[in-house]
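Residue numbers (the working numbering), protein chains in the order written: chain V, 69 to 160; chain X, 9 to 997; chain Z, 583 to 1021.
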Amino acid sequence: MQMIKCPWCGPREEVEYHYGGQAHVAYPAEPAALSDEEWAHYLFFRDNTRGLFAERWVHTAGCRRWFNAVRDTVTYRFHATYRPDEPRPVTA
Amino acid sequence: MSETTSTTATTAQARGSFRTPTGGRVDRTSPVTFTFAGVEHTGYRGDTLASALLADGVHQIGTSIKLGRPRGVGAAWAEDPSSLVQVEEPFPDPMLLASTVEVFDGLVADGVPGQGRLADIADSARYDSRHLHVDLLVVGAGPAGLQAALTAARSGARVALLDEQSEAGGSLLGSDELLDGRPALEWVADAVAELAAAPEVVHLQRTTVFGVYDDGFALAVERRTDHLGGAAPEGTSRQRVWRVRARRTVVAAGAHERPVVFTDNDRPGTMLAGSARTYLHRYGVLAGSRAVVFTTNDSAYRAAVDLADAGVHVAAVVDTRDVAPAHWAVELERRGVPLRTAQAVVGTRGVERVSAALVAPYDRAGLAAGARSSAGVEPEAIECDLLLVSGGWNPAVHLHSQARGKLAFDAGLGAFLPAERLEDLLVAGSAAGTFDLSSCLRQGGASAATALSELGLDVTAVPVPSAAEQPPSSSSSAPDLVWVVPDPSGDSSRQFVDVQRDATVADVQRALGAGLRSPEHVKRYTTIGTAHDQGKTSGVVTSGIIAELLGAAPDAVGTTTFRPPYTPVAFATLAGRDRGQLFDPVRTTSVHDWHVQAGAVWEDVGQWKRPRYYPLAGEDMETAVLRECAAARTGVGILDGSTLGKIDVQGPDAGVLLDRLYTNLMSSLAVGKVRYGVMCGADGMVIDDGTVLRVAEDRFLVMTTTGGAAKILEWMEEWHQTEWPELRVHLASVTEQWAAFPVVGPRSRDVIGAVFGAGGSEDGVDVSNEAFGFMTWQDTTLDGVPVRLARISFSGELAWEVHVDSRYALAVWERLIAAGAPYAITPYGTETMHVLRAEKGYPIIGQDTDGTVTPQDLGMAWVVSKKKPDFVGKRSFARAENQREDRKHLVGLLPVDRETLLPEGSQIIEHREDGVLPSVSETGPVPMLGHVTSSYRSAYLERPFALALVKGGRARVGELLHVPVKGRLVAVEVTSPVLVDPEGARRDG
Amino acid sequence: MTTVDAFSTDPADAVPHTPAAAAAGRLNGTPPRTPGADLPEHPDALWKNPEPKKAYDVVIVGGGGHGLATAHYLVKNHGITNVAVLEKGWLAGGNMARNTTLIRSNYLWDESAAIYEHSLKLWEGLEEDLGYPILFSQRGVLNLAHTLQDVRDSVRRVEANVLNGVDAEWIEPDEVRKICPIVNTSSDIRYPVLGATYQPRAGIAKHDYVGWGFARRIDEAGVDIIQNCEVTGFVRDGNRVTGVRTTRGDIACGTVALAAAGSTSVLTDMLGLRVPIQSHPLQALVSELLEPVHPTIVMSNAVHVYVSQAHKGELVMGAGVDAYNGYGQRGAFHIIERQMAAAVELFPVFARAHLLRTWGGIVDTTPDASPIVGRTPYDNVFLNCGWGTGGFKATPGLGWVFADTIANDEPHPYAAPFSLDRFVTGRLVDEHGAAAVAH
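Below, the structure written as structure tokens:
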């Protein structure tokens, strides 16, 4: 079980959080302008990186706030957590 | 249990004759009586089942799973691969090890013939868990672990010292070592006392750290009452899970002695050498009377010497090496113990116990070689009833490996060792491959010091007690690396690698011959390492044998993966308190007790308990629901709707957020008005629905379904926070804060008026249609308590929802009930609510939808805004699949026979002229058009009816279809889903 | 139940006929019999370990159950034998070695029922086909319902199953008790059992035996099984892939078939192909060997349990999927703890069973909880992935259908609904709400 550092609350147990999938996938500015294929990619297609992955988490049982993390999907280790308005940090 | 064991056990001269007159850690003033294999035995408090049985001369514990060969005590703790027992009393417990079960009065156990047996009744013991946060977790209270814990304690760190045995000391318990010139166990006692006095130290014995996970998380199980039997205090949990979060962990878990495989190495009386020493020193038990010691390294000499000193006739020490260690050779000679170098045990004799070791010159050619140098040489039989074996030591690297630390094979030790330092986990003592006492102590202290200084804590060093002089290294000999002593005749089918699985060298050879190379494949082919002990002693040996047979390095072969738990843990222990009513929280409304009094029958809706219906005496559900429905349609009914989700949406951009999430426009809603809305996922499928009240310009109350409450709040937060953080809006759940009671039916105006009207309430409400229109709300008070009334109808009837602070809800509910008495107000449950709404064609999200249904499919195109440029889900409506004419639509179904209640979930097929369901086996699958989502008897319609999702359903209104019900086809007519009051006349009373 | 003479599929009938047993003899006459103690021996020859050839007609990436079964049916149904199966680790060592071996076909949607039922029928003859004792034991599966909505969903699925020719029935709690007396059907548990769906033909099999049975057959037929051979890239020529780069050298290929659950995205990324898959850890666990206590398979959605008692007597359970993406073949322990609570809640007699071992696999999940099988934008690359927790039970069925798709260069009718383009059109096969507990 991970200890995850909420950018607002600090380190808390993994069970307090929910996972939210890939980060930095913005809702399209004009969905109506997208082709079916483009829309499908927004809806259903996400990176499935083996290694460092920028992803979303929410501190459900804490402050209920969303944040982003860079985590290694092989070791599961968190390399960074950051607020949604911050850019993805450079991680080793 | 086999008869042979009983025979052995009851042999008078054998019983009770193996306890030393003095010594050991057992309490000789506290005898305990227990039963094994139907025979009563006496042991002492402090004994394990194995030590007490060995003291009585009982070696055979059970029989092996496949071959039915006798199996005995192979070791003195959890690495024992063979002493499996079934505990019968005080409560059936399958598969424990005799070498780890502590005896107590009244213990009844048997050997396990391969499979354990579960009790056929529930376990009434309690289990619980605790959390522990420490700077340093020390695993193992042997010399290294104690020194580590002392160092951390004196440094003022928060420490957890967890050890799986009944008392601290680790390997010192099974030895006669001196520290600082006095018995080592006195040093242990002092250390334990110091730790007990240290304020920040948690020291637990009988506590096994069974798993190490991420970020310093470790799990341990504490066996709190198992050793007390019937004397266990009432109310104390039997076992406790400790969830430890440690900034650093020092693993000082010791090492397991490694067997050497030879022919017939499975007979009872065959034991790891160090374990016999433990039985002697810790339990005061001689594991036999006449011993042969077979070794490849120096460590077993200690056992030979100690046993000889204790009076065991040591018939021979057999060492595979050409040169014995000089120091020990002298010690043996002094005791008259014959030493045989360059020889090996190649087999044994005996039936239920070893009676002789067969010794021959050690054939160095190895397993893979063809002709045996020993072939034809008659091995010498040395009589013995105890055969001690040592093939070296395997550091207990399990936790390091679980933490994903790398391992490397050390050819000198013949074992896998931690090959890297993990960030938050250090390994010390024999677990790290350090075997002399002084070094273990030093390493334990140093590991703790390293860990603490990395944490920025000041370290107070603890002087290392001085251990007795080790034999000079010049007089010791390098260990031999021997996995298997080749059978002289080449028959490897009785050379047991995994005695519990009856898996032999022959099996490994066959696996390799079949083309297998990976140890994972060999494990699966042979089943080695899959038994109760998970290969604690057999795993490394198997890798060694594979390497030897393939001519590869053990490193190249590797090991199978070490996985938690280190030792088995009971299901119930891990379940802890989360069982029964605590399995999942029960949510009840503030009127719950009233419902109980009223005799409600319950429905689980998410975590909520909701009244399903309120049967009167003699009523079944159907009768009760018909009565409740009739009351709501003709008089007045009342429902506890408090479980509906309620979200308070506040802020200047509240309307903007709602506009983006609902399919329809919410920002245009006037204060004081109510609007129904639907939310879709981005895929365009309906996820929830409900009413929205505009409370103020910058404030809405969003009502969700009961089941959707938490999900929808999270959904709204997700969009707000991650996509539109610029919106000035705040969301909060007020589900628990507000009770909600729909008062429903033609007489609801009378009831609401009586309670809240000018006559009933100080700021009375005019409940006329003109003053209080449909889909509007008004605030009022009742005896000073704020109340909100909203004209919302989920039944089509004239109705008000009464919203009130939950703390006053029961009083308001009772006022409503009292005021309704003249009109026979009838409380109704979820079932009636469902019937009433279904008669009106209102869908229940999650019942009439399944995540594949759009608002258009529900016939709710009207709730989808054409004006808004976008909202969540809108783009998906334009996808090809959503344009199809044959999408499933929500429709009504009326069984033509006016009698059949269609089972909910029934499938719907085309109408068949012959009225017969075609045979699937003859004509293949029968095409399905959809399914029945809701089905009820209608008091109002005086017939059963249903809602259904049907392909192209709206175009089929008026058509006949068939519904198979128990093999019979029921004809149904497709109708509009709205079957009651399609004009909407009833909602105004 | 289909059995063949050489082997019995009923563990209770397992008679020791091992050379080792015969040689060792029994020391004390007839010892207590332990049902299921003697699994059938594996054969003396399984497969060769050849060096890869320069080129193959078909290169299958992934030596798990699906890759091996695909090769088997390429040989058996289409006579295509110039085939290599590339495995980056040890054969059948991914999800094939880690799953909980449930085989059933009681899926809701027609498309799912078709392919899983096809698979189940193949399972029924697989022991004979492979000549290998795969211990397919049709002991039935109960999917428990705990809420009224569970009941509706269950009836819906049963009624659909029946019309699709899948054996299924809805049964009441007293019948649940008859089939599996140890299930807690009392009303005093948190979520009482309201009934169950029952598929009698569902069962379990011994997963290693299945993988090895396929492997031995294709090895005999001349297919090269190449282990420790990781694909590191693809050689592309326009819309075709002409070769596969591996840690054991480049291999030219006529056709490439991807069947590498747990590594799908790594491979498709190399091809620049986007696939809507997320890989998650899924854990499972076993107890010690226990006397027979659990005669069937029980699954529950609300009280998350999936448990059977395997051939040797161990309880085998699948836990819930870990929420986050993960390739680590391990998961978080709180999932296991929750699993234990659920198990003891539904099966009070399991209280003192012991957790012996936990492990994790990698499940590739899709947005609609259905697999992706068929073409890719490359002319000669075929894709099979996204089986989530359904992969093992689909093994022969998928192998058949995928081999047919490859051989005919045309999706088999059972594969067609599972094309990649359904995510664009929206024609999903949404088994989320319908598949009961995922396994």
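Each residue gets a CB set at the ideal place from its N, CA and C atoms; glycine is no exception.
Exposed unless 16 or more other CB atoms sit within 10 angstroms - verdict on residue i
| i | result |
| --- | --- |
| V679(X) | exposed |
| R585(X) | exposed |
| V338(X) | exposed |
| A108(V) | buried |
| M693(X) | buried |
| N677(Z) | buried |
| L968(X) | exposed |
| K882(X) | buried |
| A63(X) | buried |
| E1013(Z) | buried |
| Q809(Z) | buried |
| V158(V) | exposed |
| G611(Z) | Residue placement at G611(Z) is poorly supported in this model, since its pLDDT is 41, which falls under 50; the coordinates still yield a value, given next. Exposed, since its Cβ has fewer than 16 Cβ neighbours within 10 Å. |
| N766(Z) | buried |
| T631(X) | exposed |
For residue i: DSSP bridge partner residues
| i | result |
| --- | --- |
| W572(Z) | Nothing about residue 572(Z) can be read from this structure; chain Z reaches only from 583 to 1021. |
| I916(X) | G938(X) |
| V167(X) | L144(X), V209(X) |
| W746(X) | D813(X) |
| L797(X) | Q786(X), V810(X) |
| G680(X) | DSSP, once it has assigned bridges, lists no residue as partnering G680(X). |
| P877(Z) | Answer by DSSP bridge pairing: none, since P877(Z) is not bridged. |
| A704(X) | R707(X) |
Cβ of residue i within 8 Å of any chain X Cβ
| i | result |
| --- | --- |
| R1009(Z) | yes |
| W134(V) | yes |
| T829(Z) | no |
| V931(Z) | yes |
| D153(V) | yes |
Beta-carbon separation (whole angstroms), residue i vs residue j, contact threshold 8 Å
| i | j | result |
| --- | --- | --- |
| G785(Z) | F718(Z) | 6 Å |
| I954(Z) | G968(Z) | 4 Å |
Beta carbon proximity, residue i to chain Z, threshold 8 Å
| i | result |
| --- | --- |
| R80(V) | no |
| L582(X) | yes |
| H127(V) | no |
| F112(V) | yes |
| T468(X) | no |
Chain V within 8 Å of residue i, Cβ atoms only
| i | result |
| --- | --- |
| K896(X) | no |
| A690(X) | yes |
| G646(Z) | no |
| R822(Z) | no |
Near-chain X residues of the region 83-99 of chain V - C-beta to any C-beta below 9 Å:
H86, G88, A91, A94, Y95, P96, E98, P99
If the cut-off is 8 Å on Cβ atoms, which residues from the region 217-229 of chain X count as contacting chain V, listed in chain order?
Y221, D222, D223, G224, F225
Residues in the region 947-971 of chain Z having any Cβ partner in chain V nearer than 9 Å:
Only T948, P949, D950 from the region 947-971 of chain Z bring a Cβ to less than 9 Å from some Cβ of chain V.
Interface residues of the region 587-598 of chain X facing chain Z [CB-CB below 9 Å]
For the region 587-598 of chain X, which is checked against every Cβ of chain Z, the residues closer than 9 Å are R587, G588, Q589, L590, F591, D592, V594.
Taking a cut of 9 Å between CB atoms, which residues from the region 882-893 of chain X lie near chain V?
K882, R883, S884, A886, R887, A888
For the region 250-278 of chain X, which residues have a CB atom closer than 9 Å to at least one CB atom of chain V, in sequence order?
R251, R253
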